[in-house]
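So the protein lines, in turn, are chains G and S.
Just so you know, we're using my numbering here: the first sequence kicks off at 1 and counts up by one.
Just so you know, we're using my numbering here: the second sequence kicks off at 1001 and counts up by one.
Think of the CB as a built atom: it goes at the ideal place given N, C-alpha and C, for glycine as much as any other residue.
All of these numbers come straight from a predicted model, not from anything done at the bench.
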Amino acid sequence: MSSEDAKVCPITANHIKVALVGQPNVGKSMLINSVSNAHLHVGNFSGVTVDKTEVLFDYKNYHFTVVDLPGTYALTDYTIEERVTNEYLCTEDYDIIINVVDSTNLEKNLQLTSELLTMSKKVVIALNMSDEAEKEGIKINAEYMTELIGVPCIKVSAATKEGIEELIEAVAIKHETSKNRPKLVFSESVEEEIAQLVWYLDKHKYNSTNSYRNVAINLLKGNKKTYAKLHDEPIWIELQPILIEATKHIELHHDSDDIKEAFAEEYAAFNRGIAAEVLKQKKVEEKKTLTEKIDSILIHPIFGIPIFLFFMWSLFQLTFVIGNIPMDYISMFFTWFGDTIGATIGNDDIRSLVVDGVIAGVGAVVLFVPNIIILFVGIALLEGTGYMSRVAFLLDGFFHKFGLHGQSFIPLVTGFGCSIPAYMSARILKNDRDRLLTLFIIGFMSCGARLPVYVLFSGAFFAPDMAGNVLFAIYISGAMLGLIAAKVLKLTAFKGKDEPFVMEMPKYRLPTFKLIWHTVLTKTMMYLKKAGTFIAGAAMLIWFLSNYPHNIDLTKSYETKIEKTQDVREKNILKNQLSETQLEQSYLGRIGKFSEPLFAPLGFDWKMSVALQAGIAAKEVVVSTLGVLYALGNDVDQNSNSLMGAISKNISFPSAVAFIVVIMIYLPCFAASIVFTREAGHIKYFFYLFAFTSIVAYVMAFIAYNVTSFLL
Amino acid sequence: MKTLLDCHKDCKVRIVKLNTGGELKQRLISFGIMKGAEVEVLEHAPAKSTIEIKVGKMRIALRGEEAKFIDVEKI
């Protein structure tokens, strides 16, 4: 927006919309957090699972809105985050760019800067980490740099909050002045071609918002958008041969057949020049930096992996030991809350809907919050310190064999705890295909909720001293199956060339408390808000299916029977019979009966079918459903001896093995499926996942059933 | 021609040519891994599945099979 527009529209005149751009690991988030009196707005960029942070604050008589764009090394669009930044910069409406630059690595950072300078936008450069640079003996002459490249360069430090106000002031001033004419100078051969194209555009009075020079540069660089625009112009016919000739010349000069590579070299030369002019670095003797010292231990060829495994083990202990403490209280609270609310509702149906449907459903969502918080603090620490890249470095060799990425390890291992945070943590994978593939196989890592089912069945069929080994075997075979599934998917559905692995190993640093807090809060709120509404809805649906239709006659006849007997045991048996018959004639029971023939080849009766289908809601439900169906009452857990007895009496060993196999492979739970859908980005992936896991589960269970039957 | 994968630990080399195209080449260039850049090999993961290099002040990890495409010469 130019200053003339500002005069026309006085209401929006005081608004300045800033796009915050920088390479990864330059402390952008920290900078945005260090603006005082600012309000943070957190959301997603439309259509993608990339966090979008907006910061709103007032300075003098301006309202600032700063949009924090994902870090990007260059204006490319391979990862989702690069695409988001590129799209935003090219198509969205904003007034000015703040380009955040790491002062300790100026030359490398200028790579993005020089690309930004060819856009027709106002730019202010923030030389971040200036305090750190000074400590390293690096001096940047900001005034000279301002003069050399023609845009304001301000020294700031997010850590000490130095220069923040000057930066905002510079943005406000820049906003009032006209557009930049940045002084980006190329080599003589390129400048010649630019001059010729500019002359041509000028001759034909080509109508453009961008300067002719920038249009010429973008044409030479092969910028698709500029091409598309000019392609429809009549001057294109004459322009095209000139352009081809110019491209040839430049490629010849650079001894390359790739114009993009040639331009990269041009930019690099310009950046080297700027850095040489404005940088003064004290000659320090070549000694190992702290990061190199830490790395020599953490990515050591022998000790690296054991150290990492120890970190992961600790994180899991924390997540599932400490995280389970508040879980009991949360579930107690919701039981109490349900009872209290339930007491005030007269109508049975409404009470059941509110207490068993809504409150229990929401309670199930809140139950996972402590786990999610601890796990995300851990992941934020792993990422914030820079250790995550080392993990990828260490593990990529192994995981790449299965078509996965080194960083897939984190979500996969999280999947052993709970699939929901696992799906969410898959965001650390920056590449679409790597992330999707990882999402598809997280379910193979048996989550904590499946443990009760495993304990129940291994207890029912094996001696106590063998049960532990059986349990371990179940977990390991699940994980191995997952890796094989990854390989199969990679060779079929996710076929294609491998994505490049190339990534930065950032300096180790200690993330601020505020940054960690902010990341964790954002993720937790997102879980509560989005998943919460869906999960509560899903819980209500399952509640409805298992409670309706009501058979009043049946209930009444049982209630009279129960009242008649005096014997407490007799009463309990009757109650159980009632809930069994109720479940049998409910919609869920009917589905179970209906699908019985489908599961017959696996050796399941209708009770097992119902238990499996109820398990789609949550795996915890499987045990309680089996309890109801084998007429033992609702209050059973995996240690209940009578249930174990009933199972070993009523279910054959091959059927039990097949049952375990299905539990191991099919959908983790409804809540996880919803989170999966959101993280995968499209509902179609849910159907793919459903089909994939169901088919694999069915086939594997069929094989398991027949093999065990044959062996016995 | 020697490639980056052949270099042992602590070896310093200059890049002569990127023998690849498309996405990988763009990716390498955006990290400053291009013709004329000086590179130091810092660390190898077991079996050279991944290697860590230093270009300018930046430490970068890449796969061994990607390093294979980078022709280098001794400085």
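Just the chain S side, please: which residues come within less than 9 Å of residue i by C-beta, in chain order?
i, result
"G:K108", "F1031, G1032, V1055, G1056, K1057 and M1058"
"G:K260", "K1025, Q1026 and I1029"
"G:D396", "A1045, S1049, T1050, A1061 and R1063"
"G:D295", "L1042, E1043, E1052 and R1059"
"G:F218", "The displayed chain sequence assigns Asn, not Phe, to residue 218 of chain G. Under the 9 Å cutoff, chain S gives no residues; its nearest Cβ is about 17 Å from G:N218."
"G:A617", "The contacting residues do not exist; G:A617 stays about 42 Å from chain S at best."
What do you reckon, is the C-beta of residue i under 8 Å from a heavy atom of the ligand ZN?
i, result
"G:G603", "The ligand ZN is not part of the structure shown, which contains no ligands of any sort."
In its own chain, which residues sit with a C-beta less than 7 Å from the C-beta of residue i, not counting the 5 before and 5 after it?
i, result
"G:I322", "I374"
"G:V696", "A485 and I665"
"G:S256", "A262"
"G:S187", "E266 and A269"
"G:G150", "N180, R181, P182 and K183"
"G:N14", "N61, Y62 and H63"
"G:N271", "E107, L110, Q111 and S114"
Exposed or buried, what is residue i when buried is set at 16 or more other beta-carbons lying within 10 Å of its beta-carbon?
i, result
"G:S178", "exposed"
"G:E193", "buried"
"G:D5", "The pLDDT assigned to G:D5 is 43, lower than 50, so where the model puts this residue is not dependable, and the model offers no usable value."
"G:S130", "buried"
"G:M525", "exposed"
"G:Y78", "buried"
"G:A364", "buried"
"G:P10", "Model confidence at G:P10 stands at a pLDDT of 46, short of 50, so the residue's coordinates are unreliable and nothing is read from them."
"G:L554", "exposed"
"G:L439", "buried"
"G:S408", "buried"
"G:K564", "exposed"
"G:F692", "buried"
"G:K288", "exposed"
"G:V699", "exposed"
"G:C447", "buried"
Applying a beta-carbon distance threshold of less than 7 Å, which residues of chain G neighbour residue i?
i, result
"S:L1028", "V502"
"S:L1062", "F501 and V502"
"S:K1035", "E265"
"S:E1038", "Correct list: empty, because the minimum Cβ distance to chain G is about 12 Å."
By Cβ distance, which residues of its chain are closer than 8 Å to residue i, with the 5 residues on each side in sequence left out?
i, result
"G:N99", "V21, G22, L112, T113, L116, V123, V124, I125 and A126"
"G:H175", "I16, Y62, D95, I96 and K122"
"G:S3", "Residue placement at G:S3 is flagged as unreliable, the pLDDT there being 43, under the threshold of 50; a coordinate-derived value is accordingly withheld."
"G:E162", "S130, D131, K155 and V156"
Which residues in chain G sit within 9 Å of residue i, going by Cβ to Cβ distance?
i, result
"S:H1044", "P301"
Who are the neighbours of residue i on chain S, taking C-beta pairs under 8 Å?
i, result
"G:S389", "A1061"
"G:L679", "Here the sequence assigns Glu to residue 679 of chain G, which means Leu is not the residue at that position. Result: empty, since nearest Cβ-Cβ is about 24 Å, beyond 8 Å."
"G:Q111", "S1030 and G1032"
"G:M424", "Within chain S, no residue comes near G:M424; the closest Cβ sits about 25 Å away, beyond 8 Å."
"G:A380", "Near G:A380 there are no residues of chain S at all, since even the closest Cβ is about 21 Å away, more than 8 Å."
Whose Cβ in chain S lies nearer than 7 Å to the Cβ of residue i?
i, result
"G:F749", "In the structure displayed, chain G extends from 1 to 712; residue 749 of chain G sits before or after that span and is not available."
"G:A276", "Simply none; closest approach about 13 Å."
"G:A74", "S1030"
"G:M505", "E1052, R1059, I1060 and A1061"
"G:T85", "By Cβ distance, chain S contributes nothing, its closest Cβ being about 13 Å from G:T85, past 7 Å."
Report the neighbours of residue i on chain A: residues whose CB is nearer than 9 Å to its CB, in chain order.
i, result
"S:E1073", "Note that chain A does not occur in the displayed structure, where the protein chains are G and S."
Going along the chain, which residues of its own chain have a beta-carbon closer than 6 Å to the beta-carbon of residue i, five neighbours each way excluded?
i, result
"G:A38", "V55 and F57"
Exercise for the section: Indicate whether the contact test is met: 3 or more Cβ pairs, each with one atom in the segment 195–215 of chain G and one in the segment 110–127 of chain G, closer than 8 Å. Expected result: yes
Practice task
Evaluate the contact criterion for the segment 82–89 of chain G versus the segment 502–511 of chain G: three or more CB pairs, one atom per stretch, below 8 Å.
Solution key: no
Handout entry: Start-end ranges of the alpha helix (DSSP H) lying completely within the segment 154–228 of chain G, minimum 4 residues
Key = Within the segment 154–228 of chain G, the complete alpha helix (DSSP H) runs of at least 4 residues are 164–176, 188–203 and 212–221.
Exercise for the section: Examine the Cβ distances between the segment 642–660 of chain G and the segment 595–614 of chain G and report whether three or more of them are shorter than 8 Å. Expected result: Short answer: they touch.
Problem - Segments of 3+ residues assigned as beta strand (DSSP E) that fall wholly inside the segment 268–339 of chain G - result: 279–281
Exercise for the section: Could you tell me whether the segment 24–31 of chain G touches the segment 150–159 of chain G, where touching means 3 or more Cβ pairs closer than 8 Å? Expected result: yes
Practice task
Examine the Cβ distances between the segment 538–548 of chain G and the segment 583–603 of chain G and report whether three or more of them are shorter than 8 Å.
Solution key: Judged by Cβ distances under 8 Å, the segment 538–548 of chain G makes contact with the segment 583–603 of chain G, as three or more pairs qualify.
Exercise for the section: Report the residue ranges of all alpha helix (DSSP H) runs contained in full by the segment 363–450 of chain G; include only those spanning at least 4 residues, in chain order. Expected result: 369–385, 387–400, 409–414, 419–425 and 432–442
Exercise for the section: Mind the definition here: the segment 1060–1075 of chain S touches the segment 1015–1034 of chain S only if three or more C-beta pairs lie below 8 Å; say whether that holds. Expected result: With a cut-off of 8 Å, the segment 1015–1034 of chain S and the segment 1060–1075 of chain S count as touching, because enough Cβ pairs lie within range.
Practice task
Evaluate contact between the segment 195–203 of chain G and the segment 223–243 of chain G, counting only Cβ atoms and requiring at least three cross-stretch pairs below 8 Å.
Solution key: yes
Problem - Touch test, the segment 215–230 of chain G against the segment 242–250 of chain G, Cβ-Cβ under 8 Å, three pairs minimum - result: yes
Problem - Secondary structure, beta strand (DSSP E): runs of 3+ residues fully inside the segment 107–138 of chain G - result: 122–128
Practice task
Flag this pair as touching only if the segment 399–419 of chain G and the segment 439–452 of chain G have three or more C-beta atom pairs under 8 Å; answer yes or no.
Solution key: yes
Practice task
Report yes or no: do three or more beta-carbon pairs, one from the segment 704–712 of chain G and one from the segment 466–482 of chain G, lie closer than 8 Å?
Solution key: no
Exercise for the section: Decide yes or no for the touch test of the segment 134–144 of chain G against the segment 294–313 of chain G: beta carbon pairs closer than 8 Å, at least 3 of them. Expected result: Verdict: no, contact absent.
Handout entry: Segments assigned alpha helix (DSSP H), at least 4 residues, entirely inside the segment 476–513 of chain G
Key = none
Exercise for the section: State whether the segment 301–310 of chain G contacts the segment 343–354 of chain G, with contact taken as three or more CB pairs (one from each stretch) at a distance under 8 Å. Expected result: Taking a cut-off of 8 Å on C-beta distances, the segment 301–310 of chain G does not touch the segment 343–354 of chain G, as fewer than three cross pairs fall below it.
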